[in-house]
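> Before I ask anything, here is the structure I am working with.
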Amino acid sequence: MQMYLPFCGIAISNAQLFAASRKEYERSRALLEVVNDLFEEQTDLEKIVKKIMHRAQTLLKCERCSVLLLEDIESPVSFLLSFKCSADAENSFKESMEKSSYSDWLINNSIAELVASTGLPVNISDAYQDPRFDAEADQISGFHIRSVLCVPIWNSNHQIIGVAQVLNRLDGKPFDDADQRLFEAFVIFCGLGINNTIMYDQVKKSWAKQSVALDVSTVFMSANIPLVSELAINDIHFDDFSLDVDAMITAALRMFMELGMVQKFKIDYETLCRWLLTVRKNYRMVLYHNWRHAFNVCQLMFAMLTTAGFQEILTEVEILAVIVGCLCHDLDHRGTNNAFQAKSGSALAQLYGTSATLEHHHFNHAVMILQSEGHNIFANLSSKEYSDLMQLLKQSILATDLTLYFERRTEFFELVSKGEYDWNIKNHRDVFRSMLMTACDLGAVTKPWEISRQVAELVTSEFFEQGDRERLELKLTPSAIFDRNRKDELPRLQLEWIDSICMPLYQALVKVNVKLKPMLDSVAANRSKWEELHQKRLLASTASSSPASVMVATEDRN
1 MQMYLPFCGI AISNAQLFAA SRKEYERSRA LLEVVNDLFE EQTDLEKIVK
51 KIMHRAQTLL KCERCSVLLL EDIESPVSFL LSFKCSADAE NSFKESMEKS
101 SYSDWLINNS IAELVASTGL PVNISDAYQD PRFDAEADQI SGFHIRSVLC
151 VPIWNSNHQI IGVAQVLNRL DGKPFDDADQ RLFEAFVIFC GLGINNTIMY
201 DQVKKSWAKQ SVALDVSTVF MSANIPLVSE LAINDIHFDD FSLDVDAMIT
251 AALRMFMELG MVQKFKIDYE TLCRWLLTVR KNYRMVLYHN WRHAFNVCQL
301 MFAMLTTAGF QEILTEVEIL AVIVGCLCHD LDHRGTNNAF QAKSGSALAQ
351 LYGTSATLEH HHFNHAVMIL QSEGHNIFAN LSSKEYSDLM QLLKQSILAT
401 DLTLYFERRT EFFELVSKGE YDWNIKNHRD VFRSMLMTAC DLGAVTKPWE
451 ISRQVAELVT SEFFEQGDRE RLELKLTPSA IFDRNRKDEL PRLQLEWIDS
501 ICMPLYQALV KVNVKLKPML DSVAANRSKW EELHQKRLLA STASSSPASV
551 MVATEDRN
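As structure tokens, then:
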């Protein structure tokens, strides 16, 4: 027996060495596969993080895996986005990766913040026994954390850009030193991948800037800017669909020139062209809240200023603020409203709060463009003019939030009805400009029927897309105006919209200046059209529910 014991020991040792080498082989192969993934995908951040984290989770065999990216590497720890993947009850790994704002899913953030601030990895074998772990937050989240392995992600300049974290080995054991070494190796590749995608994005932006420069050159090469009469931009009933995207740029240039803004504020012509083209590029390809809508709002403001004589009442700085405000008032609109931002807990809602969320974002986006090199159309304003203008611009853009409109319109209506409106009182002017912004934003309701109806259908289509997302992503039943299953109710909803929001505003504006009466007349005419459609729907509904109709329907089914 003693003779065989050494051989048994050798066999066991060899088996252990083989198992260890086999494990190292699998891990090395996984690292090589990650390198291959890096070469295959270097343009999409989400895709590359998904591939890397899925492989890491599969190899480490853990319940959850996540990557959290810092909002700003130069600022205190604040995470912007989180990417996660997890194992289901059968311990099989999900192919899909979820992306969300940081606080949407990782409630227990103390460990991630510690790693991001110190740059040191953290390996916790028993979370509830570790003072750095927030057990109360863990209970709130509904996901029980046993063990944590969290490491920093570095970019090519050795700056921390985020953290990577795995939770709970599936076998119930804590993460060991080998797990930590492997995960740190994985995260090196993750950092390289993220860095490459950032560089790719910078190249794309550089190409975009060159494209803008080319567009500017194209504008310069064009002939004289058409006159106001040729473009018909001084017409209250201007056709919102009459100009193509390039013609809208030249028309916007004409408005700046006609209002004397270029001469008065010494706006560099090339800078103005570049700014307009960049503003256009920063509107998304959504159904309604796009560049065409922004231009049409600006056109109506121009028509009201010139037709009703408001150009002589408002100061030049006020006029510049409302014109720029109209063009920028929906910058980077995502096709969803403020309520959706709040309900979905979007990054915008977390950044700006739930009051005028989108409007604050539109203003900040406008400021970002103005501060970009070669885009400051306000560069030659005096210090006081610039300060006043930026305040007026913010007021103008925020005024397009209907919640703020409802808060201020009562004051405006009372001033107008009592005849107490005074152009010399600052607060009265502020309220009036706010009402002008809303009147232009809702201006499609004042256009001829065919145009007004086409715009209403675009708005409704965009609303339906939001409603679809509410039903699919948020598991909510959308309200009638966002519910495509209730699209036949559009005439009734339009009547409510006109009666509660639009009609009172244009009635008040006509009291301020009777030259705006054609707008009010169009609102009334369009209301009659919607009323007619509503009555037809009611008649059809009544007919379909009559006894005779029921009998016919029954016979058809038989």
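According to UniProt numbering, numbering within the sequence shown proceeds without interruption in unit steps and concludes at 558.
Glycine included, C-beta positions come from ideal geometry on N, C-alpha and C.
Would the beta-carbon of PRO226 fall within 8 angstroms of that of THR197?
no
> From the DSSP output, read off the bridge partner residues of GLY162.
LEU69, ILE153
> Can a CB atom of chain C be found closer than 8 angstroms to the CB of CYS273?
Although the question refers to chain C, the structure presented lacks it and comprises just one protein chain.
> Measure the C-alpha to C-alpha separation of HIS534 and LYS426 and round it to an integer number of angstroms.
Rounded to the nearest angstrom, the two C-alpha atoms are 43 angstroms apart.
> Locate the beta strand (DSSP E) running through VAL122, then write down its first and last residues.
Run containing VAL122: 122-124, per the beta strand (DSSP E) assignment.
> Measuring only the C-alpha atoms, how far is LEU253 from CYS273?
If you draw a straight line from the Cα of LEU253 to the Cα of CYS273, it is about 8 angstroms long.
> Should SER147 and PHE175 be called a contact, given that it needs their Cβ atoms to be closer than 8 angstroms?
Taking a C-beta distance under 8 angstroms as the contact criterion, SER147 and PHE175 qualify as a contact pair.
> If you measure between the beta carbons of ALA321 and LEU381, is that distance less than 8 angstroms?
It is not a contact, given that the beta carbons lie outside the stated cut-off.
> Using the rule of at least 16 other Cβ atoms within 10 Å of the residue's Cβ for burial, across every protein chain shown, is ASP240 buried or exposed?
buried
> By Cβ distance, which residues of its chain are closer than 6 angstroms to ILE369, with the 5 residues on each side in sequence left out?
Correct list, in chain order: THR278, HIS375.
> Helix, strand or coil for VAL187, going by three-state DSSP, please let me know.
helix
> Can you tell me the Cα-Cα spacing of LEU458 and LYS47, whole angstroms?
If I take the Cα positions, the gap works out to 33 angstroms.
> Please name the residue in GLN311, VAL187, SER344, ARG334 whose C-alpha comes closest to that of TRP423.
GLN311
> Using the beta-carbon count (16 or more within 10 Å), is ILE161 buried or exposed?
buried
> Check this for me: beta carbons of LEU495 and GLU462, under 8 angstroms apart or not?
no
> Out of ALA342, MET301, SER434, ILE498, which one is the CA nearest neighbour of ASP401?
SER434
> Provide the residue span of the alpha helix (DSSP H) that contains TRP449, from first to last.
Note, TRP449: alpha helix (DSSP H), 449-472.
> Once DSSP output is grouped into helix, strand and coil, what is the label at LEU167?
LEU167: strand per DSSP, three-state reduction.
> Please report the straight-line C-alpha distance between ARG334 and GLN159, rounded to a whole angstrom.
Cα-Cα distance, rounded: 32 angstroms.
> Which of helix, strand or coil does DSSP assign to ARG492?
helix
> Ends of the alpha helix (DSSP H) at CYS502?
Note, CYS502: premise wrong, no alpha helix (DSSP H); not H, not E.
> I need the DSSP call for VAL324, collapsed to helix, strand or coil.
helix
> Between which two residues does the alpha helix (DSSP H) harbouring ALA427 extend?
Ala is not the amino acid found at residue 427; the sequence shown has Asn there. 426-441 is the span of the alpha helix (DSSP H), which, as asked, contains ASN427.
> Looking at the secondary structure, which residues open and close the alpha helix (DSSP H) in which GLU407 lies?
402-417
> Applying the 10 Å Cβ sphere with the 16-neighbour rule, what's the burial state of VAL203?
exposed
> So if DSSP puts VAL203 in a beta bridge, which residue, or which two residues, is it bridged to?
None; VAL203 has no bridge partner.
> Cβ atoms of ALA303 and ILE233: under 8 angstroms apart, would you say?
yes
> For VAL324, which of MET285, ALA308, PHE378 has the nearest alpha-carbon?
PHE378
> Please name the residue or residues paired with VAL148 in a DSSP beta bridge.
According to DSSP, residue pairing for VAL148 in a beta bridge involves ILE124, LEU167.
> Going by alpha carbons, who is nearest to ILE194 out of GLU359, LEU120, LEU45, LEU436?
LEU45
> What distance in whole Å lies between the Cβ atoms of CYS65 and VAL166, which are believed to be in contact at a cut-off of 8 angstroms?
5 angstroms
> Which value, in whole angstroms, describes the spacing of the CA atoms of ALA540 and ASP488?
11 angstroms
> Candidates VAL245, LYS511, GLN507: which alpha carbon is nearest TYR421's?
LYS511
> Spatial neighbours of SER452 within its chain, please: C-beta separation below 7 angstroms, excluding the five flanking residues on both sides.
If we look at SER452 and ignore the five residues flanking it on each side, its Cβ neighbours are ALA444, VAL445, ASN526.
> In three-state terms, what does DSSP make of LYS266?
Of the three classes helix, strand and coil, the one that applies to LYS266 here is coil, per DSSP.
> Within 10 Å of its beta-carbon, does GLY172 have 16 or more other beta-carbons around it, so buried, or fewer, so exposed?
The residue is exposed, with fewer than 16 neighbouring Cβ atoms inside 10 Å.
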